[in-house]
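Colleague:
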Amino acid sequence: MNNDTDLKFDLQFFAEKNYKATTGVDEFYYAVLGGTDPAIISGTVERVKFLQNITVEMPQTAVRAYGDNTTAEIAVASGNITVNGAFHKLPIEDKKVLFGLESTTEGLHSFGSEDTPPYVACVFAKTAEDGSKEWVGLTKGIFLRPAINGQTKQGETQFQGEQITAEFMDREVEGFDKDKSVIFGFDESGLNTQRDALFMAVFGVPHPDATPEV
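Using my numbering, you'd call the opening residue of the sequence shown number 830 and step up by one each time.
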């Protein structure tokens, strides 16, 4: 291999980095995990439209051990994975599933002390102005029932979104040696390679728009 070819490969390596920041969120999906194998969903993957914002908190704390008047070792303690976000509107059909609500034949729904939300997996996309997307997968968690808020109308119309809160834990994910709670991948504009791989890893089924394998 000559020097010109070596230089070309070096330039390609450095050109692969992407510094475009994301500016939006889109495509929030969830599915209930199966009872026998947490890597297999029960039912179908559901889309919830009009995600407004979402934050995945993954706290870590440095724990120091001391000796001889100095630091001997530093270890990392990981905290709980929490998710906070908001939708323009969370449909009652999704609330019923995510929060484990009981309903009547007349269509009434309820919150109670014995509600048991199911384990779910989630996926959403962070979008950039150039059409690229960073896909984020949350492998196993439960959603916590929200507060019920209302506000009087004052002059100009103001939309009142709905907040969500959830906690997630590690789960076995194919392709990784250790259990994981959050996984992610990046697709350039027009590509869906990482999206499709993430869906298979998190849900075990293809993305709804994935091209069927022949």
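All residues carry an ideal CB built from backbone N, CA and C; glycine is no exception.
Rounded to whole angstroms, what is the Cα-Cα separation between Q808 and I883?
Modeller: The requested residue 808 is not part of the displayed model; the chain covers only 830 to 1043.
Colleague: Taking the alpha-carbon positions, what's the M998 to N913 distance?
Modeller: So the alpha carbons of these two residues sit roughly 15 Å apart.
Colleague: Report the rounded CA-to-CA distance for A1026 versus Q980, giving the unit in angstroms.
Modeller: Cα-Cα distance, rounded: 43 Å.
Colleague: Are G863 and K918 close, meaning C-beta to C-beta below 9 Å?
Modeller: Going by C-beta atoms, G863 is not nearer than 9 Å to K918.
Colleague: Suppose you measure from the CA of S932 to the CA of S1018; what does that come to, to the nearest Å?
Modeller: In a straight line, the C-alpha of S932 is about 43 Å away from that of S1018.
Colleague: Comparing C-alpha positions only, which one of L973, D1006, E1001, E985 sits nearest to K924?
Modeller: That would be L973, whose Cα lies nearest to the Cα of K924.
Colleague: Would F953 be called buried (16 or more neighbouring beta carbons within 10 Å of its own) or exposed?
Modeller: Buried, because 16 or more other Cβ atoms sit within 10 Å of the Cβ of F953.
Colleague: Hey, could you find the ends of the beta strand (DSSP E) E996 is sitting in?
Modeller: E996 -> beta strand (DSSP E) spans 991–998.
Colleague: Among residues of its own chain, excluding the 5 on either side of G872, which ones have a beta-carbon nearer than 8 Å to its beta-carbon?
Modeller: Within the same chain, G872 has close Cβ partners A860, V861.
Colleague: Measure the Cβ-Cβ separation of F916 and L880 and say whether it is below 9 Å.
Modeller: Cβ distance < 9 Å, so F916 and L880 count as in contact.
Colleague: Assuming contact is defined by CB atoms lying nearer than 9 Å, are T852 and E958 in contact in what I supplied?
Modeller: Yes, the Cβ-Cβ distance between T852 and E958 is below 9 Å.
Colleague: Just list the residues that DSSP pairs A891 with in beta bridges.
Modeller: Answer by DSSP bridge pairing, in chain order: V905.
Colleague: Which residue's Cα is closest to the Cα of K849: D1016, I910, E935, V1034?
Modeller: Among D1016, I910, E935, V1034, the Cα nearest to that of K849 belongs to D1016.
Colleague: Looking at E1003 and A976, is the spacing between their C-beta atoms short of 9 Å?
Modeller: Their beta carbons are not under 9 Å apart, which means A976 does not touch E1003 by this criterion.
Colleague: Given a cut-off of 9 Å on the beta-carbon distance, is the pair L927 and P947 in contact?
Modeller: Cβ atoms of L927 and P947: closer than 9 Å.
Colleague: So what's A868 in DSSP terms, helix, strand or just coil?
Modeller: Note that A868 scores a pLDDT of 48, beneath 50, so its modelled location is shaky and nothing firm can be said.
Colleague: Please list the terminal residues of the continuous beta strand (DSSP E) segment that includes K925.
Modeller: No beta strand (DSSP E) holds K925; the alpha helix (DSSP H) holding it covers 921–927.
Colleague: Y948 bridges to which residues according to DSSP?
Modeller: Paired residue(s): none; Y948 is not in a bridge.
Colleague: According to DSSP, which residues form a beta bridge with Y858?
Modeller: Answer by DSSP bridge pairing, in chain order: R876, V952.
Colleague: Go ahead and label T1010 buried or exposed: buried means 16 or more other beta carbons lie within 10 angstroms of its beta carbon, across all protein chains shown.
Modeller: Per the sequence shown, the amino acid found at residue 1010 is Ser instead of Thr. Buried, because 16 or more other Cβ atoms sit within 10 Å of the Cβ of S1010.
Colleague: For the beta strand (DSSP E) containing L973, list its first residue and its last residue.
Modeller: Start and end: 962–973.
Colleague: Take F988 as the anchor and find which of A995, I910, E996, N978 has the nearest alpha-carbon.
Modeller: Checked all of A995, I910, E996, N978; the closest Cα to F988 is N978.
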